[in-house]
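Below is one structure, written out as structure tokens; comments come after it.
2 protein chains.
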Amino acid sequence: MIGTPNRDRQAERREATRQEILTAAWDVARQNGIAGLTLREVAVRVGMRPPSLYSHFASKNAIYDAMFGQAWQDCMDWMTRAMADAPRAPRARLVALALAFFDYAMTDVERFQLMNVRVLPDFTPSADAYRPAVDCIEAGRAYVSELGITRDEDFDLYTALLAGLLSQQQANDPHGTRWRDLVPKAMDMFADAAGLPAGPEKSGPRRSRPTKAARQNSGRKS
Amino acid sequence: MIGTPNRDRQAERREATRQEILTAAWDVARQNGIAGLTLREVAVRVGMRPPSLYSHFASKNAIYDAMFGQAWQDCMDWMTRAMADAPRAPRARLVALALAFFDYAMTDVERFQLMNVRVLPDFTPSADAYRPAVDCIEAGRAYVSELGITRDEDFDLYTALLAGLLSQQQANDPHGTRWRDLVPKAMDMFADAAGLPAGPEKSGPRRSRPTKAARQNSGRKS
DNA sequence: GTCTATACACCGATAGAC
DNA sequence: GTCTATCGGTGTATAGAC
Numbered sequence: 418m419i420g421t422p423n424r425d426r427q428a429e430r431r432e433a434t435r436q437e438i439l440t441a442a443w444d445v446a447r448q449n450g451i452a453g454l455t456l457r458e459v460a461v462r463v464g465m466r467p468p469s470l471y472s473h474f475a476s477k478n479a480i481y482d483a484m485f486g487q488a489w490q491d492c493m494d495w496m497t498r499a500m501a502d503a504p505r506a507p508r509a510r511l512v513a514l515a516l517a518f519f520d521y522a523m524t525d526v527e528r529f530q531l532m533n534v535r536v537l538p539d540f541t542p543s544a545d546a547y548r549p550a551v552d553c554i555e556a557g558r559a560y561v562s563e564l565g566i567t568r569d570e571d572f573d574l575y576t577a578l579l580a581g582l583l584s585q586q587q588a589n590d591p592h593g594t595r596w597r598d599l600v601p602k603a604m605d606m607f608a609d610a611a612g613l614p615a616g617p618e619k620s621g622p623r624r625s626r627p628t629k630a631a632r633q634n635s636g637r638k639s
Numbered sequence: 418m419i420g421t422p423n424r425d426r427q428a429e430r431r432e433a434t435r436q437e438i439l440t441a442a443w444d445v446a447r448q449n450g451i452a453g454l455t456l457r458e459v460a461v462r463v464g465m466r467p468p469s470l471y472s473h474f475a476s477k478n479a480i481y482d483a484m485f486g487q488a489w490q491d492c493m494d495w496m497t498r499a500m501a502d503a504p505r506a507p508r509a510r511l512v513a514l515a516l517a518f519f520d521y522a523m524t525d526v527e528r529f530q531l532m533n534v535r536v537l538p539d540f541t542p543s544a545d546a547y548r549p550a551v552d553c554i555e556a557g558r559a560y561v562s563e564l565g566i567t568r569d570e571d572f573d574l575y576t577a578l579l580a581g582l583l584s585q586q587q588a589n590d591p592h593g594t595r596w597r598d599l600v601p602k603a604m605d606m607f608a609d610a611a612g613l614p615a616g617p618e619k620s621g622p623r624r625s626r627p628t629k630a631a632r633q634n635s636g637r638k639s
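If you want it as structure tokens, here you go:
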């Protein structure tokens, strides 16, 4: 066949501009708020006229949808990378998992709002975009489960604790670490309640490593 | 003086329509999301043309501002009422305080977003509107403090835990009680970590009372 | 204090030429 | 695939008559 290579190149190029559009959309969202995304602004940033975007996305909500799926997929990658070289000791590992998600969420508030907070009344993720979200949460459940914490109720409490530290940090100290610093203590509290054996560590004034994980990021940041 | 009674009546009437407008604004916010509030819709509901609203509020953000202050003032009233007949035993009291705020927040998601989540990029509460918010949080700190939990760090952890249960409930089970049911367990966990003596209770399968507190509400609900 | 009329800017989306 | 032109709609806010 002589058409196939061309077909591939075209599909490749098409996917590339799709990514360009999404990158621009993230930029706009970070600047104007996730709800302040406009096709005009996106088009300007990629050097197009607004109607041209419709050659790549069926609607504005289709862009949100792609962003939603991408955010959760990136989150999964980020956490997989972070957990690969996380400590093996249960309590330290619990802290590492929490900090991984915490730091991912804090690097981009608007992204986190799209992922977790319902701020777009007339946007509902499609099944395709929702799948990475479920996968990511289930991966988190698996990490916690490996430490011997297997009850659904305990995992719900874990996610709530993490979400709360995040929520407070974003709302009341968006550029500081007031609640992030409480993560180790909070995780110890949780580990005690979930019946995780204390071990020799108890993770006292351990030096956690946000910076290393943050450095090997793909580079999307305000 | 003969003008004074008329002056009073006028001021009274004026304040009444101001309240009418705010009530309509809450209705619209609940229907379209807090960011979906429009002066058109508000005006229609109150039986005015949009420009007439400017006789009562200087701008749309002035309406947000009044809503913000009102929400926190109502929250303070709600919690004062709830804590008046809350149990005296420390752990039960801690649970009661948490549930009071939890239930207030859950009765109106949009109100909670205006109060706590930054979803309106170009709205910042005025000093006047912000004062009730500080007062309400400080009242909460006082309640917790009375139980012997006085360290700032512990109160930060308490607010984070509560915010997290709320956040998860709103995002993942807005009409259920999956995370609300975890409040007693979460509070026990926190009490243990904060060094609150266990006492004879330990708040096992205690029957909490969301309904009673909810019933004596002023009546703003979806 | 409320109205009509209107200014002004912005939005998402479509049609059709190239 | 991208463009120009445009439709039909949204929104906040102001001016001036009554």
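Residue numbers (this note's numbering), protein chains in the order written: chain A, 418 to 639; chain B, 418 to 639.
Every residue, glycine too, gets a C-beta built ideally from N, C-alpha and C.
Please read all numbers here as calculations on a predicted model, not as lab measurements.
Interface partners of Pro-467 of chain B on chain A, CB under 7 Å: As a working mapping, residue 467 of chain B is identified with position 50 in the second sequence. Near Pro-467 of chain B there are no residues of chain A at all, since even the closest Cβ is about 21 Å away, more than 7 Å.
Does the beta-carbon of Asn-423 of chain A have 16 or more other beta-carbons within 10 angstroms, so that it is buried, or is it exposed? Here residue 423 of chain A corresponds to residue number 6 of the first sequence, with the count starting at 1. It counts as exposed.
Unbroken alpha helix (DSSP H) run spanning Phe-641 of chain A, endpoints: This structure cannot speak to residue 641 of chain A, because chain A is shown only from 418 to 639.
contact_flag[the segment 576–583 of chain B, the segment 574–593 of chain A] where n(CB pairs < 8 Å) is 3 or more: yes
C-beta contact flag for Ala-446 of chain B and Leu-439 of chain B at 8 Å: Numbered from its first residue, the second sequence carries residue 446 of chain B at position 29. Numbered from its first residue, the second sequence carries residue 439 of chain B at position 22. No, they are not a contact pair.
Leaving aside the five residues before and after Asp-640 of chain B along the sequence, list all residues of the same chain whose C-beta is less than 7 Å from its C-beta, in chain order. For chain B, the structure presents residues 418 to 639; residue 640 of chain B sits outside this window and is missing.
Contacts that Trp-596 of chain A makes with chain B (C-beta to C-beta distance below 7 Å): The residue labelled residue 596 of chain A in the question sits at position 179 within the first sequence. Those within 7 Å of Trp-596 of chain A in chain B are Asp-573, Ala-577.
What does the Cβ neighbour count give for Ala-433 of chain B, buried or exposed, with the cut at 16 atoms within 10 Å? Here residue 433 of chain B corresponds to residue number 16 of the second sequence, with the count starting at 1. Exposed, by the Cβ-count rule.
9 Å Cβ cut-off: residues of chain A touching Ser-584 of chain B: Position 167 of the second sequence holds residue 584 of chain B. What Ser-584 of chain B touches in chain A: Asn-533, Val-534, Ala-577, Ala-580, Gly-581, Leu-583, Ser-584.
In angstroms with no decimal places, state the Cα-to-Cα distance between Leu-531 of chain B and Arg-430 of chain A. Indexing the second sequence from 1 puts residue 531 of chain B at position 114. Indexing the first sequence from 1 puts residue 430 of chain A at position 13. Computed Cα separation, rounded: 43 Å.
Rounded to a whole number of angstroms, what is the C-alpha to C-alpha distance between Ala-499 of chain A and Arg-597 of chain A? Numbered from its first residue, the first sequence carries residue 499 of chain A at position 82. Numbered from its first residue, the first sequence carries residue 597 of chain A at position 180. Taking the straight line joining both Cα atoms gives about 17 Å.
Using the C-alpha atoms, what's the distance from Tyr-481 of chain A back to Tyr-547 of chain A? Here residue 547 of chain A is taken as the residue at index 130 of the first sequence, counted from 1. Here residue 481 of chain A is taken as the residue at index 64 of the first sequence, counted from 1. For Tyr-547 of chain A and Tyr-481 of chain A, the distance between alpha carbons rounds to 12 Å.
When the distance is taken between beta carbons, is Asp-552 of chain A closer than 8 Å to Met-493 of chain A? One-based indexing of the first sequence puts residue 493 of chain A at position 76. One-based indexing of the first sequence puts residue 552 of chain A at position 135. It is a contact, given that the beta carbons lie within the stated cut-off.
For Asn-427 of chain A, does the count of other Cβ atoms within 10 angstroms reach 16, so buried, or fall short, so exposed? The residue you call residue 427 of chain A lines up with position 10 of the first sequence. Residue 427 of chain A is actually Gln in this sequence, not Asn. Burial call: exposed.
Could you list which residues in chain A have their beta carbon closer than 8 Å to that of Leu-662 of chain B, in chain order? Only positions 418 to 639 of chain B appear in the structure, and residue 662 of chain B is not among them; the question remains open.
Specify, as a first and last residue, the run of the alpha helix (DSSP H) that Trp-495 of chain A falls within. Your numbering for residue 495 of chain A matches position 78 in the first sequence. 477–501 is the extent of the alpha helix (DSSP H) around Trp-495 of chain A.
C-beta contact flag for Met-605 of chain B and Arg-508 of chain B at 8 Å: Within the second sequence, numbered from 1, the residue matching residue 605 of chain B stands at position 188. Within the second sequence, numbered from 1, the residue matching residue 508 of chain B stands at position 91. Per the sequence shown, the amino acid found at residue 605 of chain B is Asp instead of Met. Contact flag set, yes.
Assigned secondary structure, Asp-539 of chain A (DSSP; H/G/I helix, E/B strand, else coil): Walking along the first sequence from the start, residue 539 of chain A turns up at place 122. In the structure shown, Asp-539 of chain A sits in coil (DSSP, three-state: anything other than H, G, I, E or B).
Is it buried or exposed, His-473 of chain A, if we count other Cβ atoms within 10 angstroms and call 16 or more buried? Reading the first sequence from its first residue, position 56 is the one you call residue 473 of chain A. Flag for His-473 of chain A reads buried.
Buried versus exposed call for Asp-539 of chain A [16 or more other C-beta atoms within 10 Å across all chains shown]: Here the question's residue 539 of chain A lines up with position 122 in the first sequence. Exposed, by the Cβ-count rule.
Quick one: is Lys-477 of chain A near chain B, going by C-beta distance under 8 Å? Locating residue 477 of chain A in the first sequence gives position 60, counting from the first residue. With 8 Å as the cut-off, Lys-477 of chain A does not count as an interface residue toward chain B.
Please go through the same chain and pick out, in chain order, the residues whose beta-carbon is closer than 6 Å to the beta-carbon of Glu-527 of chain A, but skip the five residues on each side of it. The count along the first sequence starts at 1 and reaches residue 527 of chain A at position 110. Closer than 6 Å at Cβ, skipping near neighbours: Ala-446, Arg-447, Ile-451.
Anyone know if the C-beta pair for Arg-462 of chain B and Ala-488 of chain B falls short of 8 Å? Walking along the second sequence from the start, residue 462 of chain B turns up at place 45. Walking along the second sequence from the start, residue 488 of chain B turns up at place 71. Not in contact: Arg-462 of chain B and Ala-488 of chain B (Cβ atoms no closer than 8 Å).
Could you tell me whether the Cβ of Phe-607 of chain B comes closer than 8 Å to any Cβ of chain A? Translated into the one-based positions of the second sequence, residue 607 of chain B becomes position 190. For Phe-607 of chain B, the closest Cβ of chain A is nearer than 8 Å.
Applying a beta-carbon distance threshold of less than 7 Å, which residues of chain B neighbour Pro-538 of chain A? Your numbering for residue 538 of chain A matches position 121 in the first sequence. Here the neighbours are Asn-449, Gly-450, Gly-453.
Measuring only from the beta carbon, is Met-493 of chain A closer than 7 Å to any heavy atom that is part of the ligand SAM? Absence of the ligand SAM is noted for the structure shown, with no ligands found whatsoever.
Just mark Asp-525 of chain B as buried or exposed, buried being the case when its beta carbon has 16 or more other beta carbons within 10 Å. Against the second sequence, residue 525 of chain B aligns to sequence position 108. Asp-525 of chain B is buried by the Cβ-count criterion.
Take Pro-504 of chain A and list the residues in its own chain whose beta-carbon comes closer than 8 Å to its own, dropping the five residues that flank it on each side. Position 87 of the first sequence, counted from the first residue, corresponds to residue 504 of chain A. So the qualifying residues of the chain are Arg-510, Ala-513.
Ala-588 of chain A CB to nearest chain B CB: under 8 Å? Position 171 of the first sequence, counted from the start, is the residue given in the question as residue 588 of chain A. Under the 8 Å criterion on CB atoms, Ala-588 of chain A is classed as interfacial with respect to chain B.
Compare the C-beta of Ala-603 of chain A with all C-beta atoms of chain B and state if any pair is closer than 8 Å. Within the first sequence, the letter at position 186 stands for residue 603 of chain A. Cβ-Cβ to chain B under 8 Å: yes for Ala-603 of chain A.
Considering Tyr-575 of chain B, what are the terminal residues of the alpha helix (DSSP H) in which it resides? Walking along the second sequence from the start, residue 575 of chain B turns up at place 158. Per DSSP, Tyr-575 of chain B belongs to the alpha helix (DSSP H) from 569–589.
What does Ala-517 of chain A reach in chain B if we use C-beta pairs closer than 8 Å? Numbered from its first residue, the first sequence carries residue 517 of chain A at position 100. By Cβ distance, chain B contributes nothing, its closest Cβ being about 17 Å from Ala-517 of chain A, past 8 Å.
Going by C-alpha distance, which of A:Val-600, A:Pro-614, A:Tyr-575, A:Pro-591 is nearest Leu-599 of chain B? By 1-based counting over the second sequence, the position of residue 599 of chain B is 182. Looking at the Cα atoms, A:Tyr-575 is the closest of the given residues.
Min CB distance Leu-544 of chain A to chain B below 8 Å: For this step, residue 544 of chain A is matched to residue 127 along the first sequence. Reading the sequence as shown, one finds Ala at residue 544 of chain A and not Leu. Ala-544 of chain A does not count as touching chain B.
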